[in-house]
Amino acid sequence: ARKLHKPKCPCPNCNKLRKLLKETDVPVQVIEGIALQSLQKGPDIKFNEELRRKRIAKANRGKVPWNKGRKHSPETIEKIRQRTAAVMEGKGIRERVLSAKAADKTKNLELAEELARLQRRK
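So the mapping is simple: our numbering equals the position in the sequence shown, first residue as 1, plus 29.
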């Protein structure tokens, strides 16, 4: 989705949009200053959902999130810790985590050996 600045805006984005509106067969709808291309979209539900999301994004742009800078309470930290421990006891999770760590170690060792070899060559 592209935003129209003003009716005769000379910027490149608006020029591209005007060209798209004039020359292509792609259906483009301009609603509330937002140009939405519907490229073989499904029913109107998808279009309405896309429009709703664009409106929300436009309204939230530049606002600071309500939870920015807040820290978890000790109770919440304890809940997170307990839930993580419970998940780690599940089937195969611990093995997957350990195998991922082992793979990282071997990659790091290979990288260290390669760097050492390159340093010796200099």
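Where a beta carbon is used, it is the ideal one built from N, C-alpha and C, also for glycine. Note that this is a predicted model, so its numbers are computed, not measured.
- Cβ neighbours of residue 80 within its own chain (closer than 6 angstroms, five residues either side excluded): none.
- Judged by their CB atoms, residue 109 and residue 116 are not nearer to each other than the 8 angstroms cut-off.
- When DSSP states are grouped into helix, strand and coil, residue 90 belongs to the coil group.
- For residue 102, the three-state secondary structure derived from DSSP is coil.
- For residue 126, the CB contacts under 8 angstroms within the same chain, skipping 5 residues up- and downstream, are 117 in chain order.
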